[in-house]
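Undergrad:
Number of protein chains: 4
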Amino acid sequence: MTTGLQARLRQVRQHSVALVEPLQPEDFCLQGMADASPPKWHLGHTTWFFETFVLKPRLAAGAALPYVPAEKAWGYLFNSYYDAVGARHPRPERGLLSRPSIEAVLAWRQRVDVALEQLLSGEAGPLSQPDMELIELGLQHEQQHQELLLMDLLDGFGRNPLAPAYGPAPETWFAAAWRNDGGKSGGNDCGKGGGGWLEHPGGLVEIGHGGEGFHFDNEAPRHRQWLEPFAIAERLVSNADVAAFIADGGYRRPELWMSEGWAEVCGRGWQAPRYWRGEADQPLAQQEFTLAGLRPLDGEAPVRHLSWFEADAYARWAGARLPTEAEWEVMANRLPLAEGVLWQWTASPYRPYPGFRPAPGAVGEYNGKFMSSQMVLRGSCFLTPPGHARATYRNFYPPACRWMAAGLRLAKGPADPISSPAA
Amino acid sequence: MTTGLQARLRQVRQHSVALVEPLQPEDFCLQGMADASPPKWHLGHTTWFFETFVLKPRLAAGAALPYVPAEKAWGYLFNSYYDAVGARHPRPERGLLSRPSIEAVLAWRQRVDVALEQLLSGEAGPLSQPDMELIELGLQHEQQHQELLLMDLLDGFGRNPLAPAYGPAPETWFAAAWRNDGGKSGGNDCGKGGGGWLEHPGGLVEIGHGGEGFHFDNEAPRHRQWLEPFAIAERLVSNADVAAFIADGGYRRPELWMSEGWAEVCGRGWQAPRYWRGEADQPLAQQEFTLAGLRPLDGEAPVRHLSWFEADAYARWAGARLPTEAEWEVMANRLPLAEGVLWQWTASPYRPYPGFRPAPGAVGEYNGKFMSSQMVLRGSCFLTPPGHARATYRNFYPPACRWMAAGLRLAKGPADPISSPAA
Amino acid sequence: MTTGLQARLRQVRQHSVALVEPLQPEDFCLQGMADASPPKWHLGHTTWFFETFVLKPRLAAGAALPYVPAEKAWGYLFNSYYDAVGARHPRPERGLLSRPSIEAVLAWRQRVDVALEQLLSGEAGPLSQPDMELIELGLQHEQQHQELLLMDLLDGFGRNPLAPAYGPAPETWFAAAWRNDGGKSGGNDCGKGGGGWLEHPGGLVEIGHGGEGFHFDNEAPRHRQWLEPFAIAERLVSNADVAAFIADGGYRRPELWMSEGWAEVCGRGWQAPRYWRGEADQPLAQQEFTLAGLRPLDGEAPVRHLSWFEADAYARWAGARLPTEAEWEVMANRLPLAEGVLWQWTASPYRPYPGFRPAPGAVGEYNGKFMSSQMVLRGSCFLTPPGHARATYRNFYPPACRWMAAGLRLAKGPADPISSPAA
Amino acid sequence: MTTGLQARLRQVRQHSVALVEPLQPEDFCLQGMADASPPKWHLGHTTWFFETFVLKPRLAAGAALPYVPAEKAWGYLFNSYYDAVGARHPRPERGLLSRPSIEAVLAWRQRVDVALEQLLSGEAGPLSQPDMELIELGLQHEQQHQELLLMDLLDGFGRNPLAPAYGPAPETWFAAAWRNDGGKSGGNDCGKGGGGWLEHPGGLVEIGHGGEGFHFDNEAPRHRQWLEPFAIAERLVSNADVAAFIADGGYRRPELWMSEGWAEVCGRGWQAPRYWRGEADQPLAQQEFTLAGLRPLDGEAPVRHLSWFEADAYARWAGARLPTEAEWEVMANRLPLAEGVLWQWTASPYRPYPGFRPAPGAVGEYNGKFMSSQMVLRGSCFLTPPGHARATYRNFYPPACRWMAAGLRLAKGPADPISSPAA
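Residue numbers (this note's numbering), protein chains in the order written: chain A, 4 to 426; chain B, 4 to 426; chain C, 4 to 426; chain D, 4 to 426.
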């Protein structure tokens with residue numbers, strides 16, 4: 004297993020560096036908002052994770068590891084939210100860290116990689132199972148940040164009137180993922196009871212991760228849930244679907260919205276998904292801002308970058324609803340849900356499974372402390388690194404967030420009429 | 004049924020007026036914060052509800068009802084959140100309505116009562132079943148506001164350095180409710196696996212309202228849920244329990260809190276439940292502010308006025324957790340849970356039951372549009388009007404709210420160790 | 004002098020009570036915004052001033068005065084901004100003081116009045132000159148609050164969609180003051196170099212209070228200033244003048260505004276003076292909200308309730324400017340400026356005169372600590388109690404404030420063309 | 004004159020580029036707060052000024068100038084506050100402009116320089132006097148931004164826990180300027196009436212710019228003012244002076260502060276000048292953050308980076324006051340005031356001189372619209388480019404600002420006792 008981990012370490016760590024190759028130097032400090040982080044910070048933070056949770060404890064335990072930790076201030080700069088580890092640089096000010104330079108951060112990455120490889124080689128003594136699990140956690144963590152890095156960049160570039168492009172690659176991934184998913188979205192069929200719905204009889208089901216492979220603590224334990232009969236749409240909701248919603252006054256009708264969501268619509272002036280550009284009264288004539296720059300909005304493509312509030316309102320307008328995470332998961336083997344085009348909002352608040360136990364120690368802060376006021380998203384998205392997705396994966400964001408690559412899939416039942424209001 | 008409704012109408016409407024008798028004139032406009040409303044507004048709003056949803060539609064339908072609606076501006080002043088009805092006075096500015104005077108509002112109440120009684124008498128034509136249901140909804144709505152009126156007053160009085168008292172009655176009700184509940188709380192027993200826990204084997208259960216009597220739309224439909232084995236504490240957590248939590252650094256240890264809750268603790272300087280008064284380092288030497296004024300804190304009494312974040316952190320510290328609303332409800336016949344001393348926070352976010360349908364028309368805004376970012380409380384409290392409680396009742400508040408009469412009851416399982424950290 | 008002071012004490016203190024007679028009970032706690040105070044607070048604070056600065060020091064010095072101070076918490080509630088006296092109730096929460104009741108506050112007033120009269124009678128020992136000066140200061144202070152009470156009420160009533168009326172008296176005072184001032188305003192003449200301008204040759208002048216009578220510390224010392232030749236308008240700017248400004252796009256043209264003022268216009272959506280009610284595109288068809296309720300806007304009447312930013316922008320549009328306070332003061336003997344219809348914004352920031360010394364002790368906080376970021380207003384207004392005005396009086400408010408009874412008078416020179424842009 | 008202007012153009016424009024040589028790439032987007040701008044933006048904005056106000060009007064007028072303006076969006080990005088020119092990128096988001104790249108901005112600078120040189124050479128037709136004046140204004144404007152660029156960098160670097168250094172040069176300039184100024188500061192002497200005070204008999208004086216050379220519109224017209232006798236300190240207040248103020252509780256005594264300033268002290272937790280680093284209870288043991296990094300605090304050196312509120316409070320504590328701008332200016336020929344070590348806060352709000360006329364056209368927005376709620380600073384500072392200072396120069400900032408290189412010089416009189424409270 005160590006050998007496999009060595010190869011994987013190399014692959015994952017190099018991928019992060021490859022991702023920033025298209026950037027210009029000033030992009031490394033770009034932080035569009037408090038919720039997002041600059042590329043340099045992502046590169047530093049993922050390295051800090053290994054130094055803090057893997058290397059330093061082994062050094063403290065006397066390992067013969069020729070590694071000298073970064074100066075103390077870096078620990079302050081690159082901690083994200085681990086209270087047990089100590090104080091940290093304020094999140095909204097990560098974009099102010101013009102220093103350390105990107106060269107210094109990349110050099111740090113290399114030193115940490117060398118030390119990790121030495122660890123994995125066994126030169127510094129045998130590696131325990133918990134240590135290997137921590138390294139694996141660090142790699143999974145880094146893969147999450149690879150996705151974050153790109154979606155944060157999209158947010159930052161989206162605030163620049165020049166509409167800069169990162170490069171063509173992500174849109175290529177999107178097209179490929181969409182093709183794998185059937186090449187179409189199309190709520191049109193799904194609203195009308197046609198072949199677009201996949202039915203499930205309900206009953207007692209099991210969800211959650213119960214096996215051996217890697218999973219985050221929040222995916223366990225595997226447990227039973229009772230489901231009523233339901234159906235789930237085969238396809239994601241499309242841009243054309245949402246354009247119809249807009250044309251029907253979707254963003255102007257409070258009865259379609261959660262009260263809290265309506266306050267967002269009014270307070271922020273939402274008139275369309277986050278990255279649509281153009282006139283609100285001609286929804287389909289719009290452009291869409293992507294990491295490849297401004298592109299014509301493709302009506303057939305799955306809609307992306309909308310909040311849970313918008314997803315929920317759209318579903319209500321369509322005479323349907325969002326699936327719960329249990330419904331989603333039990334259908335995951337019948338649809339290519341997990342290797343996904345877009346994260347899919349569910350109807351489920353993010354809460355612990357029955358019997359949930361956070362991981363011990365500081366990494367126990369990884370997931371458990373966020374289990375309030377957030378909604379679960381399932382699947383993965385075109386920005387998710389290959390191999391990182393799982394059917395039991397639980398992603399989560401506050402319901403007003405729009406900058407992640409989220410879309411939606413409708414569900415219905417029990418006893419829902421299968422029809423859209425337009426029908 | 005009409006006759007019963009007539010008596011009930013008289014009783015409920017008179018109770019609202021009786022509740023404000025101890026007030027001084029200036030108290031009628033007291034609004035301590037945006038979330039609370041002044042007594043005069045509660046009296047006006049509950050009247051507006053009947054005028055808007057019962058009287059006006061019947062007048063519009065040609066009923067021979069000698070009722071002249073209040074001037075149009077009053078409809079603007081006393082609408083709470085019904086978007087379908089039209090614009091409304093901003094909630095944070097309800098306290099600025101020194102006019103209309105309380106006399107004018109009380110006179111309006113009487114005119115509406117007369118009209119409602121005429122309706123119920125059949126003089127203005129036969130009353131339809133939906134109309135009777137709307138009147139019943141209006142009465143249930145008014146009972147909710149009777150409780151709100153008192154808890155909002157507590158909030159407002161609590162901001163006055165003179166610590167004014169409303170009167171002795173509510174503390175009498177509290178004492179009586181607590182006595183009915185067994186006369187003790189006592190997390191002490193409950194933390195140690197003794198007789199303080201009531202066990203349930205789990206399995207497929209049914210919750211929600213399925214019968215004929217009045218219930219809010221959010222209590223239906225009755226449906227199945229699967230539960231793992233669990234236990235629920237016989238008693239509410241006490242002031243002494245929370246004092247032990249405080250003495251053990253409960254408000255200074257981030258690992259016990261949701262991340263969002265910890266931000267509240269730090270940002271608002273929380274050191275104890277909302278109405279404790281005194282020195283944080285001597286938790287049990289404190290006083291408690293109540294509607295009867297400042298009183299010594301009774302260690303045995305159930306703790307009240309804490310947020311979901313505090314309840315959740317306390318439970319984690321105690322090695323337990325909050326019950327889900329399904330767990331709570333299936334135990335309600337084995338404990339006097341519903342006629343309660345205090346609302347009890349659950350582990351459940353407020354979301355629709357499978358197959359939920361909001362009531363049609365504007366009253367459909369009553370419950371459904373608040374189903375995001377709130378947590379369910381179950382039971383009722385000493386301020387709840389007699390007869391208003393039900394085992395299926397779903398109350399809900401955002402997790403940071405502390406001004407309602409909320410306490411907590413612990414649960415454990417599946418597979419939870421039954422012990423407190425002190426044990 | 005003591006006898007005169009006794010009569011004056013009685014007159015001023017009774018006038019405060021007379022002013023609140025038209026109020027309904029709930030009005031006593033009405034606080035429309037943080038900058039304003041409720042009527043009850045004004046009555047309490049002016050009483051607190053006498054207790055704190057007159058009675059308590061004499062009691063501490065052993066005076067045989069049968070007065071028992073109010074309970075300690077009242078000192079906290081009714082302190083306004085005197086840091087030297089101690090902590091205080093937060094200003095934005097004065098409206099939450101439904102208790103003490105207005106009856107209790109009025110009873111306190113009477114007890115303080117009795118004690119003050121005893122002091123003035125000499126029964127409790129001879130009264131020193133500084134004591135008499137403090138009592139006089141307290142009376143002047145109370146007269147300021149009499150004006151504040153009414154303008155704060157206007158602010159509070161102005162936020163009520165019912166547009167309540169205090170009563171007819173203030174508008175009667177306004178009409179009388181305006182008649183005394185010539186019965187017309189009329190920027191029309193003033194924009195064109197006609198007889199509407201009063202000229203001054205400039206030169207070395209003296210301003211400030213140099214005599215014996217009462218004056219606030221900020222009016223002294225009398226000192227010299229050099230003035231260039233200038234002219235001042237005989238009349239105040241009228242509603243019709245501002246209507247013409249509005250019709251000419253005055254609130255939409257940034258070039259007419261201070262940068263800071265333009266931010267207010269955009270941020271707050273200003274389209275007209277504070278209390279104009281109606282359609283922005285028909286300035287003169289509007290109504291005006293007053294203490295006598297909504298009334299037709301009189302184009303001839305002086306415009307009131309606009310900010311310094313609006314006054315400054317109007318003057319720029321009119322090809323003129325605001326007078327400096329020195330220019331205003333040296334003209335005060337040639338025009339009935341001091342007994343004024345409206346406070347008049349000047350071009351002068353509020354700063355100390357050369358050689359200014361604050362009064363010693365806590366009352367030294369009265370004026371001096373506000374000498375930054377405020378503009379001087381001169382004259383007085385129809386709400387100012389008779390006898391309170393002086394040509395040397397310096398009123399001051401931040402430039403964005405609009406709730407006081409402020410108007411404006413134009414000036415020009417040196418070398419200003421006397422013409423409006425319309426000419 | 005054209006030839007002189009050509010040489011000057013080259014010198015000034017090259018100096019801007021030279022100033023950014025020590026920067027690392029990510030520094031170009033560093034914006035520490037909304038009031039500051041990133042280096043790249045300064046380079047772009049000063050170029051935009053020439054394109055917008057010099058090149059484009061001449062192109063529009065048909066000049067044979069082989070210059071193609073930057074794409075339209077750049078005009079939006081690099082406009083600072085000229086409403087007449089059009090909309091602009093929000094100031095707080097200048098740091099988000101990772102694109103255009105610094106290379107693209109520098110290339111634009113070169114193209115604009117070539118075009119300007121062609122203009123000045125006469126190749127594109129004779130240059131009018133107004134055109135030459137606009138170019139001179141552009142150069143003066145660029146010199147202002149050279150200073151801003153460095154003080155904004157200091158602000159940004161000051162927010163980085165690594166305390167990065169720009170380079171040694173600015174501290175060299177500071178030392179040189181201080182040496183020229185006499186090599187010492189020293190409020191010690193100045194508090195006691197010794198030789199440290201320079202007296203002026205008062206009388207009718209003239210201030211403002213009346214000559215031919217370049218000056219900003221706000222320095223004119225030259226006009227008379229009457230001054231009472233006064234004295235001005237020969238030296239700037241030192242770090243040791245402020246340390247004594249701190250040790251005497253200066254930041255904890257409200258009686259020393261303007262009310263508005265005290266709110267800043269409490270709200271922001273001010274305990275020392277902006278860039279002091281260390282323990283508040285050992286003022287002189289602190290370090291000072293500079294563009295050369297952290298350095299020991301030199302007690303003898305003039306204090307820098309404090310707000311007007313702090314300067315005003317210090318002066319009050321020292322038994323003195325700040326000089327008015329007229330007092331400062333009439334002493335400028337007797338002290339090396341203008342070529343200054345630090346900008347010096349005055350007692351004067353920033354208002355127009357009698358007879359002030361803004362420059363015509365969009366550049367009229369340069370100074371005039373900021374004449375509210377700001378205080379005048381006089382002199383110049385070690386970051387001011389050589390040749391840019393003038394005795395009539397009026398700098399201005401809001402009284403709470405601390406990031407500019409400001410210090411203070413005491414004044415006294417008329418009739419002030421010359422003594423510090425410690426004496």
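Just so you know, even glycine gets a beta-carbon here, dropped at the ideal spot from N, CA and C.
What are the residues that DSSP puts in a beta bridge with serine 310 (chain B)?
TA: Its beta-bridge partners do not exist; DSSP assigns none.
Undergrad: Specify, as a first and last residue, the run of the beta strand (DSSP E) that threonine 293 (chain A) falls within.
TA: 290–293
Undergrad: Could you say which of C:Glu145, C:Ala107, C:Pro28 and C:Gly296 lies nearest to tyrosine 369 (chain C) if we only look at CA atoms?
TA: A check of alpha carbon separations from tyrosine 369 (chain C) across C:Glu145, C:Ala107, C:Pro28 and C:Gly296 identifies C:Glu145 as the nearest.
Undergrad: Report, in whole angstroms, the separation of the C-beta atoms of asparagine 242 (chain C) and alanine 295 (chain C), which I expect to be a contact under 8 Å.
TA: Contact between asparagine 242 (chain C) and alanine 295 (chain C) does not hold, since their C-beta atoms are separated by about 16 Å, which reaches or exceeds 8 Å.
Undergrad: Beta-carbon of leucine 137 (chain D) versus every beta-carbon of chain A: anything under 9 Å?
TA: no
Undergrad: For chain A, is any of its Cβ atoms less than 9 Å away from the one on aspartate 251 (chain B)?
TA: No, because no Cβ of chain A sits closer than 9 Å to the Cβ of aspartate 251 (chain B).
Undergrad: Just by C-beta distance, which residues in the segment 70–82 of chain C are closer than 8 Å to chain B?
TA: Ala76, Tyr79 and Leu80
Undergrad: So proline 103 (chain A) contacts chain D; which residues on that side make the cut at Cβ distance below 7 Å?
TA: Leu165
Undergrad: Which residues does DSSP list as the beta-bridge partners of asparagine 398 (chain D)?
TA: DSSP, once it has assigned bridges, lists D:Leu380 as partnering asparagine 398 (chain D).
Undergrad: Mind checking whether proline 28 (chain D) and leucine 80 (chain A) have CB atoms under 9 Å apart?
TA: No.
Undergrad: Please specify which runs of the alpha helix (DSSP H), each continuous and at least 4 residues long, are wholly inside the segment 11–75 of chain D, giving them in chain order.
TA: 42–53 and 59–63
Undergrad: Residues of chain C with a CB under 7 Å from the CB of arginine 227 (chain D): which are they?
TA: In chain order: Trp229.
Undergrad: Counting beta carbon pairs with one atom in the segment 386–395 of chain C and one in the segment 351–363 of chain C, are three or more of them shorter than 8 Å?
TA: Contact between the segment 351–363 of chain C and the segment 386–395 of chain C is absent, because fewer than three Cβ pairs lie under 8 Å.
Undergrad: Alpha carbon to alpha carbon, what distance is there between tyrosine 254 (chain B) and glycine 47 (chain D)?
TA: 50 Å
Undergrad: With 16 other CB atoms within 10 Å as the buried threshold, where does glutamine 149 (chain D) fall?
TA: Buried, because 16 or more other Cβ atoms sit within 10 Å of the Cβ of glutamine 149 (chain D).
Undergrad: Output needed in chain order: residues of the segment 374–394 of chain B with a Cβ under 9 Å from some Cβ in chain A.
TA: Flagged, chain order: Met374, Ser375, Ser376, Gln377 and Met378.
Undergrad: Taking 9 Å as the CB-CB limit, is isoleucine 421 (chain A) close to chain D?
TA: Only weak support is given to the placement of isoleucine 421 (chain A): the predicted model assigns it a pLDDT of 42, under 50, and the question is left unresolved by the model.
Undergrad: Is glutamate 126 (chain A) closer than 9 Å to arginine 13 (chain A) when the C-beta atoms are compared?
TA: Cβ distance not < 9 Å, so arginine 13 (chain A) and glutamate 126 (chain A) don't count as in contact.
Undergrad: Answer with buried or exposed for arginine 319 (chain B), where buried requires no fewer than 16 other C-beta atoms within 10 angstroms of its C-beta.
TA: buried
Undergrad: Work out the CA separation of proline 276 (chain C) and serine 101 (chain A) for me, nearest whole Å.
TA: Approximately 47 Å, taken between the alpha carbons.
Undergrad: When the cut-off is 9 Å and only beta carbons count, does proline 357 (chain C) lie next to chain D?
TA: Cβ-Cβ to chain D under 9 Å: yes for proline 357 (chain C).
Undergrad: According to DSSP, simplified to helix, strand and coil, what is glutamine 285 (chain D)?
TA: coil
Undergrad: I need the DSSP call for alanine 329 (chain C), collapsed to helix, strand or coil.
TA: Alanine 329 (chain C): helix per DSSP, three-state reduction.
Undergrad: Quick one, are the C-beta atoms of alanine 403 (chain C) and glycine 264 (chain C) less than 9 Å apart?
TA: yes
Undergrad: When the Cα atoms are used, what is the spatial distance from arginine 324 (chain A) to phenylalanine 399 (chain B)?
TA: Between the alpha carbons of arginine 324 (chain A) and phenylalanine 399 (chain B) lies a gap of roughly 22 Å.
Undergrad: For chain F, find out if any of its Cβ atoms is closer than 9 Å to the Cβ of glycine 159 (chain C); answer yes or no.
TA: As a matter of chain content, chain F is missing from the structure shown, whose protein chains are A, B, C and D.
Undergrad: In whole angstroms, what separates the C-alpha of glycine 461 (chain D) from that of proline 401 (chain C)?
TA: Within the shown structure, residues of chain D are numbered from 4 to 426, placing residue 461 (chain D) beyond reach of any answer.
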